[in-house]
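Residue numbers (our numbering): 9 to 337.
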C-alpha cells in the first residue's frame with residue numbers, strides 16, 4: 009500500500025494502490041505531495057511514511073526487443089522535451105511553458121517549474137502538475153485555483169502529457185501509514201483539493217470533496233479511508249459520524265495496508281457506538297496479517313484492542329496486548 013511480485017490494485021480512476029516492492033522512479037518532494045515524471049508509465053509508487061518502505065508497480069518486460077523499444081520511446085520523449093530553436097518557434101506559447109515546466113521538474117527546480125506551469129494558460133495538464141507543486145510548497149490558494157481548474161477541465165486532462173511522452177504522478181499522504189499514487193485525472197485533482205482543505209483545517213469542505221469522489225467510485229478504499237479519518241477527526245464522539253464510518257467499512261477485508269487502516273477506524277467507530285465485541289473483531293481482523301503491514305499501524309491497532317479488552321472486562325488479554333506493545337517499542 010512486500011514481496012518481489014507484481015500486483016496492482018485499481019482503487020479509483022487515476023488512483024492506484026501499489027502492492028509490489030521495488031525502487032523509486034526519479035521524483036522530487038518528501039512528505040505530503042510529491043510529483044513524479046515517469047517514462048511512459050514504467051512504474052508507479054506508493055509508500056509508508058516513516059518506515060522507509062516503498063511499494064512500487066514495475067511493468068514486466070520480456071526479452072531485449074521490448075526493452076530496446078521502451079528505451080527508444082523514452083529517448084523520443086526526452087527529445088520532445090528538448091526542443092531545438094526552430095521547433096520552439098512553431099510551438100504554441102502554452103505548450104512551451106508546459107515543456108519548460110516538465111524540464112524544470114526533472115531537474116528538481118520546483119519553484120521554476122511551478123512558474124512555468126502557471127504561465128501555461130488554458131492547459132489542465134499544467135494546472136494539475138502546478139497544483140500539486142503549489143500544494144507541496146504550501147501555497148494553498150494557488151494550489152486550489154490550479155487543481156480546481158484541472159478538475160473542471162478533466163475531459164482534456166492527459167492530452168498534452170501524451171503528446172510529449174510524459175506521465176506525471178503525484179503522491180499524497182492519506183493517513184500516516186498509507187500513501188496514494190495519483191495520476192492525471194479528475195479523481196486526482198479532487199483528491200488534491202480535499203488535501204488542501206484538510207491542511208487548512210476546513211474539514212467540512214474536505215469531506216464534501218471526498219463525497220464527490222465517492223460518487224465516482226463508491227468502492228474506492230482510499231476515499232473510504234480518507235472519509236473515515238476526517239469524520240472521526242471532525243466529530244470524534246459523534247454517533248452519527250461513527251455510524252457513517254461503520255457503513256464505509258462494511259465488508260472490508262484485510263487485503264492491504266489501506267484496508268487494515270480502515271478496519272482500525274471501524275473499531276474506533278464501533279467503540280463510540282458502544283459495540284465493544286464488534287470493535288474487538290474489527291481490530292483483530294486488522295492485526296490478522298502482519299506481513300507487508302507497517303509497525304506503526306499494527307501498534308495502533310493493538311493499542312486500540314487493549315482498550316476494548318479492558319471495556320469487555322478481559323484484563324488478561326488487555327495486559328497481553330500492552331506487554332506486546334512494550335516489547336515492540
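We put the CB at the ideal spot given by N, CA and C, even for glycine. Values in this document were obtained by computation on a predicted structure and should not be read as measured data.
With 16 other Cβ atoms within 10 Å as the buried cut-off, status of residue i
{"i": "residue 253", "result": "buried"}
{"i": "residue 176", "result": "buried"}
{"i": "residue 261", "result": "exposed"}
{"i": "residue 100", "result": "exposed"}
{"i": "residue 259", "result": "exposed"}
{"i": "residue 323", "result": "exposed"}
{"i": "residue 285", "result": "exposed"}
{"i": "residue 288", "result": "buried"}
{"i": "residue 245", "result": "exposed"}
{"i": "residue 336", "result": "exposed"}
Own chain, CB closer than 6 Å to residue i, minus 5 neighbours either side, in chain order
{"i": "residue 317", "result": "325 and 326"}
{"i": "residue 293", "result": "262 and 271"}
{"i": "residue 222", "result": "231"}
{"i": "residue 161", "result": "132"}
{"i": "residue 157", "result": "135"}
Residues that residue i bridges to, as DSSP identifies them
{"i": "residue 107", "result": "In the DSSP output, where bridge partners are listed per residue, residue 107 has none listed."}
{"i": "residue 204", "result": "None, per the DSSP bridge assignment."}
{"i": "residue 215", "result": "According to DSSP, which records beta bridges pairwise, residue 215 is partnered with nothing at all."}
Span separating the alpha-carbon of residue i from that of residue j
{"i": "residue 155", "j": "residue 184", "result": "23 Å"}
{"i": "residue 220", "j": "residue 328", "result": "43 Å"}
{"i": "residue 273", "j": "residue 102", "result": "45 Å"}
{"i": "residue 309", "j": "residue 303", "result": "10 Å"}
{"i": "residue 242", "j": "residue 104", "result": "44 Å"}
{"i": "residue 264", "j": "residue 229", "result": "10 Å"}
{"i": "residue 114", "j": "residue 191", "result": "17 Å"}
{"i": "residue 127", "j": "residue 217", "result": "27 Å"}
{"i": "residue 196", "j": "residue 206", "result": "15 Å"}
{"i": "residue 108", "j": "residue 171", "result": "14 Å"}
{"i": "residue 163", "j": "residue 210", "result": "28 Å"}
Chain-order list of residues whose beta-carbon lies under 8 Å from that of residue i (same chain, five-residue window excluded)
{"i": "residue 247", "result": "280 and 281"}
{"i": "residue 290", "result": "257, 271, 272, 274, 275 and 278"}
{"i": "residue 267", "result": "229, 260 and 261"}
{"i": "residue 334", "result": "none"}
{"i": "residue 321", "result": "none"}
Beta-carbon proximity check, residue i vs residue j, cutoff 8 Å
{"i": "residue 193", "j": "residue 139", "result": "no"}
{"i": "residue 212", "j": "residue 148", "result": "no"}
{"i": "residue 133", "j": "residue 106", "result": "yes"}
{"i": "residue 312", "j": "residue 283", "result": "no"}
{"i": "residue 240", "j": "residue 215", "result": "no"}
{"i": "residue 165", "j": "residue 125", "result": "no"}
{"i": "residue 118", "j": "residue 145", "result": "yes"}
{"i": "residue 198", "j": "residue 159", "result": "yes"}
{"i": "residue 141", "j": "residue 121", "result": "yes"}
Same chain, Cβ closer than 7 Å to residue i, neighbours up to 5 away in sequence not counted
{"i": "residue 203", "result": "143 and 180"}
{"i": "residue 256", "result": "232, 235 and 236"}
{"i": "residue 306", "result": "295 and 298"}
{"i": "residue 269", "result": "183, 185, 186, 233 and 305"}
{"i": "residue 330", "result": "314"}
{"i": "residue 250", "result": "277, 280 and 281"}
{"i": "residue 332", "result": "310"}
{"i": "residue 153", "result": "none"}
{"i": "residue 112", "result": "120, 121 and 124"}
{"i": "residue 319", "result": "284"}
{"i": "residue 227", "result": "none"}
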